[in-house]
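Trainee: Residue numbers for the sequence shown follow this note's numbering, beginning at 728 and rising by one.
Yeah, the Cβ is synthetic: ideal placement off N, Cα and C, and Gly gets one too.
To start, I am sharing the structure in question, which I have written as structure tokens.
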Amino acid sequence: MDDNRTVACCAKNEGEGNMYQSSDNVFRLTARHGKFSSATRFALIALSTLLLVACGDTNDEQPVQVPNREPVATDDNFDVAAGANFVVSVLENDSDPDHDTLSIASSTQPEHGVLSLENNELRYKPALTYKGSDEFSYTVTDGEYKATARVIISVTFNELDPTPHRAITGRLG
Numbered sequence: 728m729d730d731n732r733t734v735a736c737c738a739k740n741e742g743e744g745n746m747y748q749s750s751d752n753v754f755r756l757t758a759r760h761g762k763f764s765s766a767t768r769f770a771l772i773a774l775s776t777l778l779l780v781a782c783g784d785t786n787d788e789q790p791v792q793v794p795n796r797e798p799v800a801t802d803d804n805f806d807v808a809a810g811a812n813f814v815v816s817v818l819e820n821d822s823d824p825d826h827d828t829l830s831i832a833s834s835t836q837p838e839h840g841v842l843s844l845e846n847n848e849l850r851y852k853p854a855l856t857y858k859g860s861d862e863f864s865y866t867v868t869d870g871e872y873k874a875t876a877r878v879i880i881s882v883t884f885n886e887l888d889p890t891p892h893r894a895i896t897g898r899l900g
């Protein structure tokens with residue numbers, strides 16, 4: 728047995744997180760919830776085969792930063808009336824595992840309409856006489872990472888649309 732190897736240890740942690748000893752005898756503190764910076768008080772006693780190598784109490788403030796994770800952009804489907812301006816609420820089903828605020832970084836143009844980005848909202852207007860399916864993609868960001876999703880829009884005419892009608896003339900009866 729190596730005389731410098733830690734053979735016994737106990738740790739007491741009074742902060743936010745979990746302290747554990749890894750297989751390489753390194754003590755690690757992992758955060759419990761998201762990003763935080765916390766003062767942690769812990770006592771550490773480590774014994775080697777020959778002597779007590781550490782004993783004491785510390786209240787040393789160290790920032791703990793949990794790595795940022797990528798946002799999740801989810802595909803969307805919408806129905807739009809022909810000729811209508813439509814706010815495409817793509818962020819409603821997107822998420823960030825760290826609860827970072829998401830914003831729309833970019834988008835592609837659809838083939839059968841016009842798409843604009845205003846105040847972190849996408850606005851879609853189909854071509855006036857187009858009826859059918861249209862699509863585009865958009866990219867969200869949490870400020871560091873990005874994620875892309877696809878939007879499929881079904882453009883339909885409804886009973887209230889000003890669609891062209893033929894005039895019928897004649898006499899009754």
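1) Distance check for Gly810 and Asp802, CA to CA, integer angstroms please.
2) Whole angstroms are fine: how far does the CA of Leu842 sit from the CA of Ala876?
3) Where does Leu849 sit, in a helix, a strand or coil, going by DSSP?
4) For Leu855, is the classification buried or exposed, using 16 other Cβ atoms within 10 angstroms of its Cβ as the cut-off for buried?
5) Starting from Gly859, trace the beta strand (DSSP E) both ways and give me its first and last residue.
6) With a 10 Å radius around its C-beta and 16 neighbouring C-beta atoms as the bar for buried, classify Thr868 as buried or exposed.
7) Around the C-beta of Asp702, are 16 or more other C-beta atoms found within 10 angstroms, so that it is buried, or is it exposed?
8) Can you find the residues in the same chain that come closer than 8 Å, C-beta to C-beta, to Ser834, ignoring five residues on each side of it along the sequence?
9) Can you name the start and end residues of the beta strand (DSSP E) that Asn795 belongs to?
10) With a threshold of 8 Å between beta-carbons, can Phe863 be considered close to chain D, or not?
11) What residues in its chain sit with their C-beta under 6 Å from that of Phe813, if we drop five residues either side in the sequence?
12) Can you list, in chain order, the residues of its chain with a C-beta nearer than 8 Å to that of Tyr857? Leave out the 5 residues immediately preceding and following it.
13) Suppose you measure from the CA of Gln836 to the CA of Asp827; what does that come to, to the nearest Å?
14) Take Asn820 and list the residues in its own chain whose beta-carbon comes closer than 8 Å to its own, dropping the five residues that flank it on each side.
15) Please go through the same chain and pick out, in chain order, the residues whose beta-carbon is closer than 8 Å to the beta-carbon of Arg796, but skip the five residues on each side of it.
16) Can you tell me whether Phe884 is buried or exposed, with buried defined as 16 or more other CB within 10 angstroms of its CB?
Mentor: From the atom records:
1) Residue 802 sits at position 75 when you count from the first residue of the sequence shown. Residue 810 sits at position 83 when you count from the first residue of the sequence shown. When rounded, the distance between both Cα atoms is 23 Å.
2) In the sequence shown, counting from the first residue as 1, residue 876 sits at position 149. In the sequence shown, counting from the first residue as 1, residue 842 sits at position 115. Taking the straight line from one Cα to the other gives about 15 Å.
3) By 1-based counting over the sequence shown, the position of residue 849 is 122. In this structure, Leu849 counts as strand in the three-state DSSP scheme.
4) The residue you call residue 855 lines up with position 128 of the sequence shown. So Leu855 counts as exposed.
5) Taking the first residue of the sequence shown as 1, we reach residue 859 at position 132. It spans Gly859 to Thr868 - the beta strand (DSSP E) in which Gly859 sits, taken as one unbroken run.
6) Along the sequence shown, one-based indexing puts residue 868 at 141. So Thr868 ends up on the buried side.
7) Outside the shown range of the chain (728 to 900) lies residue 702, about which nothing can therefore be said.
8) Taking the sequence shown and counting its residues from 1, the one referred to as residue 834 is at position 107. Once the five neighbours on either side are set aside, the close Cβ partners of Ser834 are Leu842, Leu844, Leu849, Phe863, Ser864, Tyr865 and Thr866.
9) If you number the sequence shown from 1, residue 795 lands on position 68. It is not in any beta strand (DSSP E) - Asn795 carries neither H nor E in the DSSP assignment.
10) The chain inventory of the structure shown lacks chain D, comprising one protein chain alone.
11) On the sequence shown, residue 813 is found 86 positions in, with the first residue counted as 1. A distance below 6 Å between beta-carbons, with the five flanking residues on each side excluded, links Phe813 to the following residues of its chain, in chain order: Val807 and Tyr851.
12) Position 130 of the sequence shown, counted from the first residue, corresponds to residue 857. A distance below 8 Å between beta-carbons, with the five flanking residues on each side excluded, links Tyr857 to the following residues of its chain, in chain order: Ala809, His839, Gly840 and Val882.
13) Residue 836 sits at position 109 when you count from the first residue of the sequence shown. Residue 827 sits at position 100 when you count from the first residue of the sequence shown. So the alpha carbons of these two residues sit roughly 27 Å apart.
14) Numbered from 1 along the sequence shown, position 93 holds the residue referred to as residue 820. Cβ neighbours of Asn820 beyond the five flanking positions: Thr801 and Asp803.
15) Here residue 796 refers to the residue found at position 69 of the sequence shown. Contacts found: Asp823, Pro824, Asp825 and Tyr872.
16) Translated into the one-based positions of the sequence shown, residue 884 becomes position 157. Label assigned to Phe884: exposed.
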